[in-house]
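Heads up, the sequence shown is in the numbering used here, so the first residue is 20 and it goes up one at a time. Everything on this sheet refers to the single structure shown next.
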Amino acid sequence: MQTIFVMVKCQLGTAYDVAAAAMDNVEHVSEVYSISGQHDLMMKCTLDDETDIGHFVTNELQMIDGVADTFTLITFNAFT
Numbered sequence: 020m021q022t023i024f025v026m027v028k029c030q031l032g033t034a035y036d037v038a039a040a041a042m043d044n045v046e047h048v049s050e051v052y053s054i055s056g057q058h059d060l061m062m063k064c065t066l067d068d069e070t071d072i073g074h075f076v077t078n079e080l081q082m083i084d085g086v087a088d089t090f091t092l093i094t095f096n097a098f099t
């Protein structure tokens, strides 16, 4: 499994709708947080090892109505 975090910039007034759409319609999105700063949301996504991250972000997340821009962070290790 691979975990990525995607920070999302939303069109004005759409952050709550984008968050709901991601949680309801995108299978690999496990958590969505509202954040401050240059982006509006941060999505935690857990993907199968075979899943192409670029295709997932561009074909799934960027296609949600209200998404203006994304910034993807790829993780390497989880420390517990």
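The beta-carbon is built from N, C-alpha and C at its ideal position, and this holds for glycine as well.
- By the criterion of at least three beta-carbon pairs nearer than 8 Å, the stretch 58–73 is in contact with the stretch 23–32.
- Non-local beta-carbon contacts of residue 72 in its own chain, meaning distances under 8 Å to residues more than five positions away in sequence, involve 21, 23, 66, 91, 93 in chain order.
- According to DSSP, residue 25 shares a beta bridge with 62, 91.
- Contact annotation, residue 85 with residue 36: C-beta distance approximately 6 Å; criterion of less than 8 Å satisfied.
- With respect to residue 51, residue 41 sits close: the two C-beta atoms are nearer than 7 Å.
- Runs of the beta strand (DSSP E) lying entirely within the stretch 38–62 and spanning at least 3 residues, in chain order: 48–53.
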